[in-house]
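Taking my numbering as reference, the numbering of the sequence shown is continuous, increasing by one, and the terminal residue is 1133. Don't be surprised by glycine CBs; every beta carbon is placed ideally from N, CA and C. As the structure is a computational prediction, the values presented were derived from the model and not from experiment.
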Amino acid sequence: MAEWDESVDVIVVGSGFAGLTAAVEARNAGSSVIVLEKMRAAGGNSIISDGGFAAAGTELQRRLGIDDCPELFYQDMLKAGLGLNDPALARTVTQRAADVLRWSADYLGVRYLDRADRFGGHSAARCYAVAGTGGAALVKALLKKTAELDVPLRTGCALRTLLTENGVARGVVIEQQYNPRSGRGGSLKRLRAQGGIVIATGGFGADTPFRMLQDPRLNADIDTTNRESATSEALVEAVRIGAACVHLSHIQLGPWASPDEKGFGSGPRFADYVGFLYGVVVDPLTAERFVNEQSDRKVLSDAILRVGKPCICIADQAAVQRSGWNIARAVRKGVVKGFTDLDELARHYGLPSQRLARTISEFNQAVQRGTDHRFQRSIPPDSEPIENPPFLAMRLWPKVHYTMGGLSIDQRARVMDLQGRPISGLFAAGEVTGGVHGACRLGSCGITDCLVFGRIAGREAGTRCTNRGVRASGKDLPLSTDSTRGVAADSPTAGDRQH
Ligand SMILES: Cc1cc2nc3c(=O)[nH]c(=O)nc-3n(C[C@H](O)[C@H](O)[C@H](O)COP(=O)(O)OP(=O)(O)OC[C@H]3O[C@@H](n4cnc5c(N)ncnc54)[C@H](O)[C@@H]3O)c2cc1C
């Protein structure tokens, strides 16, 4: 029998949206919980995300007169995912999205802008934006809640080994004082989980060797929007103890990224929120459109990569105003450039000027008709011809953004083995899992996935001890004896079984 340094009911590994959500729910289920994070600070990719959250059939949509429902959302996800999505997982996300959105507002106190956006591949405006600092505001709200619930967060602690007894996940070995630069840490510690372990370690977009193993084209020359924490070691460790993986080679590139800045940067706000909606994307050699700019990320990125050179996204100032988004940072950084006329724009990017004028004129006719015969692109009702200077443009070149593949889970967030059986005591949520999105994740569905499955994983792991009457003992972390402790009176989670 292993010697344990500490014991707790639930161990959550990873402090992004999925891990923190799971920690809140496990605690609210009456368990003692600890969150382990290898970096010096919490947040992972979640804290740098844009904070876009997709849900159908919401109160806000009803108020804005937007006709939408979870079934339509589900169909859109399957279409983008090329039907590879695990139907049960995709259904779980689409059906619970509106509830979880409300939970984040009512229970966590997250505020959303009073608008709904429609991104490529979604057939309705159903993407909401966290107010303030985007994803960082949502992480902050989750951290505040975990602190209120007395859930300790241990940073600089990397998961090294998952420990099993008779096939049951029992605990972890962690490396303390972990240094992400050297990939090494200090002393090792064995922590026991009486109830369960939730793996919420995110995707592997920044792990070049591992992503090249899945898709050799994604070498170090292709930039990523991810933080350096997005690596594969926890996923690999789960595989070592028998976990199955799905869809690992489906790695998403963000088509709205700019080669003129590092990482996610400021350009995507212009390309995704303005250019793809009201403007055009042209081939730099021919100045012609070559794709439906409202396509999902996979279709758009593949089309740009086929062109083989950074393509040009063009809109005008009036479109920026209609979008209601502020793109000043991208302009200040020179990622988005302004031009007084289309000739000047063509000269700057080396586009054939007459051909560009024809492309814009053809597109403007499509806007006036309300239909785009060329690429069957839907024209938003508030669209207007591109004709009001300054004209704005940016170069586009895709970057690794999201990894659709990961640990195989079921609807209860239980990690599955290669025989399709759950590994007892092991749960996973968020980008480390695979199957929800199939071949392509639609914009704003990552956060929804993290919160929906984070809640399920936390609740499942958190109720294992309380249901069995087993609680951590000995050199334990502080425990609650009252199983409702920490649950706000009006919390929608109180007494709400997930399954
Ligand atoms: C720039 C950017 C913008 C985005 N914008 C949006 C958006 O607007 N809407 C949307 O839906 N999606 C968006 N996404 C995707 C979405 O943000 C991510 O999929 C989501 O944040 C992942 O959350 P997570 O909790 O699964 O992982 P993360 O937030 O990445 O957290 C995982 C944590 O686990 C830790 N960890 C990893 N390995 C170990 C280990 N061995 N031991 C201990 N800890 C470990 C990491 O350090 C990290 O802190 C965006 C992504 C990026 C990069």
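If you measure between the beta carbons of residue i and residue j, is that distance less than 7 angstroms?
i, j, result
"residue 803", "residue 837", "no"
"residue 1096", "residue 834", "no"
"residue 708", "residue 724", "yes"
"residue 811", "residue 820", "yes"
"residue 1160", "residue 1029", "As displayed, the chain neither begins before 635 nor continues past 1133, which places residue 1160 out of reach and without an answer."
"residue 715", "residue 1063", "no"
"residue 639", "residue 824", "yes"
"residue 687", "residue 1082", "yes"
"residue 964", "residue 904", "yes"
"residue 685", "residue 763", "yes"
"residue 1092", "residue 731", "no"
"residue 831", "residue 1076", "no"
"residue 681", "residue 769", "yes"
"residue 883", "residue 849", "yes"
"residue 840", "residue 862", "yes"
"residue 822", "residue 807", "yes"
"residue 930", "residue 755", "yes"
"residue 948", "residue 908", "no"
"residue 900", "residue 969", "yes"
"residue 747", "residue 765", "yes"
"residue 1066", "residue 869", "yes"
Counting along the chain, where does the alpha helix (DSSP H) carrying residue i start and finish?
i, result
"residue 1035", "First-last for residue 1035: 1033-1037, but that is the beta strand (DSSP E), not the alpha helix (DSSP H)."
"residue 975", "Here residue 975 belongs to no alpha helix (DSSP H), and DSSP marks it neither H nor E."
"residue 1144", "The question about residue 1144 has no answer, for the chain in this structure spans 635 to 1133."
"residue 773", "769-782"
"residue 990", "987-1003"
"residue 657", "651-662"
"residue 1134", "Missing from the structure shown is residue 1134; the chain here goes from 635 to 1133 and no further."
"residue 871", "867-874"
"residue 1050", "Segment 1048-1050 is the beta strand (DSSP E) holding residue 1050; no alpha helix (DSSP H) there."
"residue 901", "901-904"
"residue 965", "962-966"
"residue 708", "704-714"
Take residue i and list the residues in its own chain whose beta-carbon comes closer than 8 angstroms to its own, dropping the five residues that flank it on each side.
i, result
"residue 706", "690, 757 and 758"
"residue 998", "1019, 1020 and 1021"
"residue 846", "852 and 853"
"residue 1002", "1019"
"residue 727", "711, 1070, 1079, 1082, 1083, 1086 and 1087"
"residue 1014", "752, 911 and 912"
"residue 718", "881, 884, 1072 and 1073"
"residue 734", "689, 1082, 1085, 1086 and 1089"
For residue i, which residues from the same chain have a beta carbon less than 7 angstroms from its beta carbon, with the 5 sequence-adjacent residues on both sides left out?
i, result
"residue 924", "917, 937 and 941"
"residue 871", "793, 795 and 796"
"residue 1108", "Reliability of the predicted coordinates at residue 1108 is poor, the pLDDT of 35 falling under 50, and no value is obtained from them."
"residue 1033", "856, 857, 858, 859, 887, 888 and 891"
"residue 878", "1042, 1050, 1051 and 1052"
"residue 1111", "Low confidence applies here, because residue 1111 scores a pLDDT of 37, under 50, leaving its location unreliable; read the following figure in that light. Contacts found: 640, 642, 666, 668 and 786."
"residue 956", "912 and 1016"
"residue 880", "1039, 1042, 1068 and 1069"
"residue 700", "750, 758 and 759"
"residue 943", "918"
"residue 902", "888, 890 and 891"
"residue 1012", "928"
Less than 6 angstroms separating the Cβ of residue i from some heavy atom of ligand 2?
i, result
"residue 1074", "Among the ligands present in this structure, namely ligand 1, ligand 2 is not found."
In chain order, what residues of the same chain lie with their CB nearer than 6 angstroms to the CB of residue i, ignoring the 5 residues before and after it?
i, result
"residue 671", "649 and 789"
"residue 972", "1024 and 1026"
"residue 643", "665, 666, 828, 829, 1099 and 1106"
"residue 652", "834, 1063, 1064, 1084 and 1088"
"residue 987", "977 and 980"
"residue 897", "859"
"residue 660", "644, 667, 1092, 1095 and 1096"
"residue 778", "none"
"residue 1031", "893 and 944"
With residue i as the anchor, note down where its beta strand (DSSP E) starts and where it stops.
i, result
"residue 728", "No beta strand (DSSP E) holds residue 728; the alpha helix (DSSP H) holding it covers 721-740."
"residue 640", "640-647"
"residue 885", "885-888"
"residue 1078", "Run containing residue 1078: none; DSSP gives neither H nor E here."
"residue 1028", "1025-1030"
"residue 799", "792-799"
"residue 823", "822-833"
"residue 688", "686-688"
"residue 1016", "Element bounds for residue 1016: n/a, residue is neither H nor E."
(message) Taking contact to mean 3 or more Cβ pairs, one atom from each stretch, closer than 8 angstroms, check whether the region 775-785 and the region 989-1003 are in contact.
(response) Because the criterion of three Cβ pairs below 8 angstroms is not met, the region 775-785 and the region 989-1003 do not touch.
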